[in-house]
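Everything below concerns the one structure shown next.
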Amino acid sequence: MSSLRNQLNYFCEKGKWRELAALYQEIQKQDFKPDSFTFTTLLKSTSNHHFRPLHQGRAIHADASKRGFVESDNYVANALVAMYAQCNSLHDARKVFDGIREANLANPVNWNTAISCFFRGGDHKGAYELFCLMKCPNDITWSAVIAGYVQNGKLVDALRVFKKMRGESDEIGFCVSPYSDTIATVFSACGQLRDLCFGEQVHGYAIKISPYVENDGFVGSSLVDLYGKCSCLELAKLVFDSMVEKCVVAWSALIASYVSNGCPSRGIDIFREMVYEGPEPNYVTLSSLITACANIPNLTFGKELHGFIVRRSEFTHDAYMSTSLINMYSKCHCMICARNIFEIAINTLEFNATPVYNATIAGYVENDCQDEAWEIFRSMHQEGSATPNSVTMAIVIPLCTMSSSLHYGKEVHCYSLKSGLTENIFVGNSLLDMYSKCGKLHVAENQFKMIVKKNRITWTSMIDGYGIHGDGEGAIRIFQKMVRESDVKPDQVTFVALISACSHAGLVEEGLTYFKEMDKEYGITPLDENYGSVVDLLARAGRLDEAKSFIAAMPKKPGPSVWGALLGACKIHGEVEEAEKAAKILLKLEPKEDGFQKLLSSLYSETGMLDKREEAISEMRERGISNRQGLSWLETGKRNYRFISEDMGLVC
DNA sequence: TTAGGGTTAG
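What follows is the structure in structure tokens.
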């Protein structure tokens, strides 16, 4: 009999489920008496099995219950709770736990196991209910609850429980001293919430209770991450430098801090130091570095890293890695490489593939490949391997806007409503912009009203909406509401939208006043785009000389937006000579941009200067600029679209 | 404890 028991244990340890199930059925027919250890190993094996065979777990439960183990053995009870939670049957897990609780058999380990299991199963409410029922939570319980909330993305709740643990909350406190792991978890929550103030308080408290707490790898790394996420790069570096033993997580957190704060090259420099004096990089380090290559962009180093990842095959099948690589190749305009990574990822990875789909759709959108973007979005439904989320919607809704496809936009809006994604601010703002740009200003207004927590982009998009519909006064009204009634501050983009709205409505003086207020009232330094919108404001109103004087008086060198605005206005007013001057400068500033040259060619066409038009077209051909016909999208009926050619003077 | 995909601009 003992050999049977050994064989059973062997199959459990090796995870050989089929063999185990067959053996267990066989020995049940014999006079075999399973003990507590047999049941716990059988239940653990069920929990760890890839398919989570709940029916098998229930059979073991029935057998254990029949033999009296559930009510008398805490180990078996614990394993049962864990098994049901792992098999996503939290109701059964709670039923088992309530059984031992009501029989007064539950010890603190049972409580802590049950709480952790409910958090792992995603039922944070159920976990907290158990926590509240527990009369004497110990330090492990507190840690489990804080960590559980962080794992479930309930960061505010995690900090609330931490405050309660230290007796700082309004609720009754328990003043338990936290483990360093708990402190690290709290730093992580503060970082994710960008709550620098509370993070710093906890940092001070942690040093007070343990002066060398930063030397702990978990705590030090989490602190680097906290300061990095709160854009305090100097503090992040200071903590990192003070760490006696710098683990791979600390290095990775520091690199990620630089990459995510607009210093990707510095992130790569830190990586070079890491190669020289630090530990081996892991998949997180490499993922951040690929993002650095995407942001610079640096295709050469990106490809080197990709080669390194392929050689280290254990990193290849990582969801984050695939997503980062797709993003990197997209930003470097290598959509063939991005597509290859996508195909491999969706065929080989066992995970939620939504981010991989999102990165690929975003890549195609960014590289002006709308058809391919739609193809990937549709395949997401057809393959059924990924569920569109709020990020997908925030990519796809602007895609509807680009092709002025109100019909598709409405379909995506309906899907978002059904999936409960419209409360997401990115989705809400995209919908507002889509309705506004597709000509449905009143729907955009409703959408604007429905967004409860409006951010800068909400306000700016609404101002722009009124602007593109020629309602300058409406744009001003919304801007005043924004600055008077909300706590959201305008930025340069807000002023581009506002002054542009004034420009199109002929509100020149108002536009000029707002431009002056930008710096004086709001302390915002104008960008080239802001100067450009003032040039457009003046020149569109026929005040070309003032526009030129304005450019001459600029405190910095005028850029493409300024000259582009002047060129556009010259085209409206038929000012060939000034347009030629502006186009010449633009050609030097942005040699790869073909729009300016086409605009000039179109001006020649409109003013009957056909020789000059031919000359401009020849020059464009020599420079390899495509002579593509200008196209507009129109939606007719429900699903039909037509191309309307515009006279760009380029049709040969 | 560390990493990925997202909304506004004449």
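Heads up: the first sequence runs through residues 1062 to 1713, numbered per this note's numbering. Every residue gets a Cβ at the ideal spot worked out from N, C-alpha and C, and that includes glycine. It should be emphasised that the depicted structure is a prediction, and the values quoted were computed from it without experimental measurement.
Assigned with DSSP and collapsed to three states, residue 1577 falls in helix.
In the three-state reduction of the DSSP assignment, residue 1452 falls in the helix class.
When DSSP states are grouped into helix, strand and coil, residue 1589 belongs to the helix group. The Cβ neighbour count for residue 1599, taken over all protein chains shown within 10 Å, is at least 16; the residue is labelled buried. According to the DSSP assignment, residue 1169 belongs to the alpha helix (DSSP H) that extends over 1169 to 1181.
Across the structure, residue 1677 and residue 1391 are spaced so that their CA atoms are roughly 33 Å apart. Residue 1506 sits in a helix when the DSSP states are folded into three classes. The residues 1460, in chain order, have a CB closer than 8 Å to that of residue 1435 in the same chain once the five nearest residues on each side in sequence are set aside. Minimum Cα-Cα distance from residue 1456 among the listed residues 1088, 1417, 1445 corresponds to 1417. About 6 Å separates the CB atoms of residue 1597 and residue 1630; that is less than 8 Å, so the two are in contact.
The three-state secondary structure of residue 1212, taken from DSSP, is helix. Rounded to the nearest angstrom, the gap between the Cα atoms of residue 1394 and residue 1424 is 8 Å. Contact check for residue 1512 against residue 1526 fails: the beta carbons are separated by 8 Å or more. Residue 1347 sits in a helix when the DSSP states are folded into three classes. Contact check for residue 1250 against residue 1284 fails: the beta carbons are separated by 8 Å or more. Annotation note: the region 1522 to 1566 contains the following uninterrupted alpha helix (DSSP H) runs of length 4 or greater, listed N- to C-terminal: 1533 to 1546, 1553 to 1565.
Within 10 angstroms of the beta-carbon of residue 1535 lie 16 or more other beta-carbons, which makes it buried. Non-local beta-carbon contacts of residue 1381 in its own chain, meaning distances under 6 Å to residues more than five positions away in sequence, involve 1348 in chain order. With a threshold of 16 other beta carbon atoms within 10 Å, residue 1445 falls short and is exposed. Inclusion of residue 1146 and residue 1140 in the CB contact set at 8 Å is not warranted, their separation being larger than that value.
Cβ-Cβ distances below 8 Å link residue 1523 to 1493, 1497, 1505, 1506, 1509, 1539 in the same chain, with the five nearest sequence neighbours on each side left out; the list follows chain order.
For residue 1313, the CB contacts under 6 Å within the same chain, skipping 5 residues up- and downstream, are 1345, 1346 in chain order.
Below 8 Å, too few C-beta pairs join the region 1298 to 1305 and the region 1332 to 1340 to call them touching: fewer than three. Between the alpha carbons of residue 1185 and residue 1581 lies a gap of roughly 49 Å.
In this structure, residue 1247 lies near residue 1223, with their beta-carbon atoms less than 8 Å apart. If you draw a 10 Å sphere on the C-beta of residue 1375, you find fewer than 16 other C-beta atoms in it, and that means exposed. One Cα belongs to residue 1118, the other to residue 1148, and the distance between them is close to 9 Å. Between residue 1197 and residue 1164, the alpha-carbon positions lie close to 17 Å from each other.
In the structure shown, residue 1672 falls within a helical segment according to DSSP collapsed to helix, strand and coil. Spatial neighbours of residue 1668 in its own chain (CB-CB distance under 7 Å, excluding positions within 5 residues in sequence) are listed in chain order as 1635, 1637. Within the region 1238 to 1282, the alpha helix (DSSP H) runs of at least 4 residues that lie entirely inside it are, in chain order, 1241 to 1254, 1257 to 1270. Spatial neighbours of residue 1386 in its own chain (CB-CB distance under 7 Å, excluding positions within 5 residues in sequence) are listed in chain order as 1351, 1367, 1402. In the three-state scheme derived from DSSP, where H, G and I count as helix and E and B as strand, residue 1597 is classed as helix.
Contact annotation, residue 1188 with residue 1160: C-beta distance approximately 18 Å; criterion of less than 8 Å not satisfied. Burial of residue 1665 is indicated by the presence of at least 16 other C-beta atoms within 10 angstroms of its C-beta.
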